[in-house]
Every structure is written in C-alpha cells, then in structure tokens.
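Taking the numbering used here, the leading residue of the sequence shown gets 6, the next gets one more, and so forth.
Think of the CB as a built atom: it goes at the ideal place given N, C-alpha and C, for glycine as much as any other residue.
Working notes for the structure below.
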Amino acid sequence: MIAVSAWAPHAAAVKLDGMSPLRTDTFDLGGLRLTSGEGRRLDLHVAIEPFSLAGESYPVRPEPVPVRLDISRTTGDGYALRLRFDASLTGPCMRCLEPAEPQFTVDVREVSQPTDHRVSPVAPGARGRAKREDSDDELTSPYVEDGVLNLRAWARDALALSVPANLLCRPDCAGLCPVCGANLNDAGAEHQHEQAPDPRWAALSELRFE
Ligand SMILES: [Zn+2]
Ligand SMILES: [Zn+2]
Numbered sequence: 006m007i008a009v010s011a012w013a014p015h016a017a018a019v020k021l022d023g024m025s026p027l028r029t030d031t032f033d034l035g036g037l038r039l040t041s042g043e044g045r046r047l048d049l050h051v052a053i054e055p056f057s058l059a060g061e062s063y064p065v066r067p068e069p070v071p072v073r074l075d076i077s078r079t080t081g082d083g084y085a086l087r088l089r090f091d092a093s094l095t096g097p098c099m100r101c102l103e104p105a106e107p108q109f110t111v112d113v114r115e116v117s118q119p120t121d122h123r124v125s126p127v128a129p130g131a132r133g134r135a136k137r138e139d140s141d142d143e144l145t146s147p148y149v150e151d152g153v154l155n156l157r158a159w160a161r162d163a164l165a166l167s168v169p170a171n172l173l174c175r176p177d178c179a180g181l182c183p184v185c186g187a188n189l190n191d192a193g194a195e196h197q198h199e200q201a202p203d204p205r206w207a208a209l210s211e212l213r214f215e
C-alpha cells in the first residue's frame, strides 16, 4: 500500500556472506503517508564517515551502523523523529596510544514542524500542497527538507555530539608514565620511580606492627 523508495524492510535483518546491508542516506518521510498521530518504526543502516580527531582517523564501527528511526506525524503537519543507535570509534587511545574502540549510545530527537504563522511563497498551481503534504521549505529541522530526512547527516552530527574531547581505550585509562613512557595500564599501580613511595608499603608496615 505504501511506496517507500528508500526503505528496504528486509535489508536490516539479512546479512548474507560478504554482502553489507542496504544503506540509507536519506529517507522520504512523505512517502510513508502517515496521518496525524500515526507513527512508524524503522530499522535502517547508515554509513557514517570516519572522524578526524587530533590528526588521526577514527573509523566508525560497525560499518554501516544499524539505526532505529521512530517517525511520528504531529498534529501540526510536522514530524517528531527519534534516532537511536550504538556505534564505536576505532583508533589510538589519546592517552596511552593503544588501540581503542570506545562505544557510544546515541538517542536524539528532532521535531520538524511547519511554521504555520509564516506565509510561504506558494507557486501558482501548487496551492494547497504545502498544507496537505509534509512538504516544502516550511520545515524547521536542519535535517528535513521537502519531507526528506537527511538521515546520514543527522546520524553523524548526533554521534559527533556524543564523542568526548578525549577518546580513551577505557574511561580510567592510566596513560603513559611521564618519566619512562611505560603504559601504566600494563605496568600496574606498582610502577613507580624513586620520588613517589608506594603507599602500600606504609600500610604493610603498619600491619606488621599490629
Ligand atoms: Zn588508553
Ligand atoms: Zn615509569
């Protein structure tokens, strides 16, 4: 009943040998023909370009990223959109330089609502179209234009907002020893140089005298 050009409903579930799932760059919201209050949940795949951080390239995994898109038609001829996915960036830890793959959970929303107070310049012959369809230049979300969602741009921006300034192999990465450059994650807490006596020695001596 619905012609959805950008949506291959089975692509998300199928992963054949050597075949990647279909990727969705843009999605035609209007093609869903949702009525006011109606919603639709879609599982899609989006290709997200690598991030360039601190001179290093951090590809996004998995490739492409499975995403869940919830679309609701609002009463005001607009859309309420929710996008959720998990993705990780792969590259060197910015503290210890070992391979890192920090994972991020993205859950973002967009509302794309026609600005009904504005009189839009409707071309002759197109009268009424802007009201009935989701269309045209009245939508306010930067990712929705003419009823088409730029899923790829939205997913990338949303992930970018989740990425911290420091990409670490783990939140408590101990980094490198400032004295000898040893990886302190491997060297352990006992890695010390002369000037810093290990506090556990003090504790041990206390025990002995109890
Ligand atoms: Zn690290
Ligand atoms: Zn050291």
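(message) Using a 10 Å radius around the Cβ and a threshold of 16 neighbouring Cβ atoms, would you call S96 buried or exposed?
(response) On the sequence shown, residue 96 is found 91 positions in, with the first residue counted as 1. The sequence shown places Gly at residue 96, not Ser. Buried is the call here.
(message) Measuring CB atoms only, is the segment 30–50 touching the segment 72–88, in the sense that at least three cross pairs come out at less than 8 Å?
(response) The segment 30–50 makes contact with the segment 72–88; the number of CB pairs closer than 8 Å reaches 3 or more.
(request) Starting from S41, trace the beta strand (DSSP E) both ways and give me its first and last residue. (result) The residue labelled residue 41 in the question sits at position 36 within the sequence shown. First-last for S41: undefined, no H or E at that position.
(request) Below 7 Å CB to CB, which residues in the same chain sit around A158 once its five sequence neighbours on both sides are set aside? (result) Along the sequence shown, one-based indexing puts residue 158 at 153. Short of 7 Å from the beta carbon of A158, and not among the five residues preceding or following it, lie these beta carbons of its own chain, in chain order: Y148.
(request) Identify whether L164 lies in helix, strand or coil by the three-state DSSP scheme. (result) Position 159 of the sequence shown, counting from 1, holds the residue named residue 164. In the structure shown, L164 sits in a helix (DSSP, three-state: H, G or I).
(message) Do N171 and C101 count as a contact pair if the criterion is CB distance below 7 Å?
(response) Here residue 101 corresponds to residue number 96 of the sequence shown, with the count starting at 1. Here residue 171 corresponds to residue number 166 of the sequence shown, with the count starting at 1. Taking 7 Å as the cut-off, the Cβ atoms of C101 and N171 do not count as close.
(request) Go to A92, then tell me how far its beta strand (DSSP E) extends in each direction, as first and last residue. (result) Numbered from 1 along the sequence shown, position 87 holds the residue referred to as residue 92. In the DSSP assignment, A92 falls within the unbroken beta strand (DSSP E) covering 84–94.
(request) Flag this pair as yes or no: are the beta carbons of V218 and A163 separated by less than 7 Å? (result) What the structure shows of the chain is the stretch from 6 to 215, and residue 218 is not part of that stretch, so it cannot be assessed.
(request) Return no unless some Cβ of chain B is closer than 7 Å to the Cβ of Y63. (result) Annotation note: the requested chain B is absent from the structure, which comprises a single protein chain.
(request) Can you tell me the Cβ-Cβ gap for L94 and P107, rounded? I've got them flagged as a contact below 8 Å. (result) Position 89 of the sequence shown holds residue 94. Position 102 of the sequence shown holds residue 107. Between P107 and L94 the Cβ distance is about 6 Å, and since that is below 8 Å, they are a contact.
(request) Label R78 either buried or exposed according to how many other C-beta atoms from any shown protein chain fall within 10 Å of its C-beta, with 16 as the threshold for buried. (result) Within the sequence shown, residue 78 is the residue found at index 73, counting from 1. Under this definition R78 is a buried residue.
(request) Output the distance between the C-alpha atoms of A52 and Y63, rounded to the nearest integer angstrom. (result) For the purposes of this step, residue 52 is taken as the residue at position 47 of the sequence shown. For the purposes of this step, residue 63 is taken as the residue at position 58 of the sequence shown. Going by the C-alpha atoms only, they are around 14 Å apart.
(request) Measure the Cβ-Cβ separation of F109 and S167 and say whether it is below 7 Å. (result) Working through the sequence shown from its first residue, we reach residue 109 at position 104. Working through the sequence shown from its first residue, we reach residue 167 at position 162. Yes, Cβ-Cβ distance for F109 and S167 is below 7 Å.
(message) Just checking C185 against ligand 2 - is the residue's beta carbon closer than 6 Å to any of the ligand's heavy atoms?
(response) Stepping through the sequence shown from its first residue, residue 185 is reached at position 180. Answer for C185: yes, Cβ within range of ligand 2.
(message) Going by DSSP in three states, A261 sits in which element: helix, strand or coil?
(response) Residue 261 falls outside the range modelled here, since the chain spans only 6 to 215, and no answer is possible.
(request) Answer with buried or exposed for P119, where buried requires no fewer than 16 other C-beta atoms within 10 angstroms of its C-beta. (result) Position 114 of the sequence shown, counted from the first residue, corresponds to residue 119. The C-beta of P119 has 16 or more other C-beta atoms within 10 Å across all chains shown, which makes the residue buried.
(request) Let me know the secondary structure DSSP gives D33 once reduced to three states. (result) Stepping through the sequence shown from its first residue, residue 33 is reached at position 28. Reduced to three states, the DSSP call for D33 is strand.
(message) For a test of your reading of the model: does the CB of R100 fall under 6 Å from any non-hydrogen atom of ligand 1? Yes or no.
(response) Taking the sequence shown and counting its residues from 1, one reaches residue 100 at position 95. It does: the Cβ of R100 is within 6 Å (strictly closer) of some heavy atom of ligand 1.
(message) Any heavy atom of ligand 1 closer than 6 Å to the beta-carbon of C178?
(response) Position 173 of the sequence shown, counting from 1, holds the residue named residue 178. Relative to the non-hydrogen atoms of ligand 1, the Cβ of C178 comes within a distance shorter than 6 Å of at least one.
(request) Could you tell me if V111 is buried or exposed, where buried requires 16 or more neighbouring beta carbons within 10 angstroms of its beta carbon? (result) Position 106 of the sequence shown, counted from the first residue, corresponds to residue 111. Here V111 is buried, its C-beta having at least 16 other C-beta atoms within 10 Å.
(request) For L74, name the three-state secondary structure that DSSP assigns. (result) Here the question's residue 74 lines up with position 69 in the sequence shown. The answer is strand: DSSP assigns L74 an E or B state.
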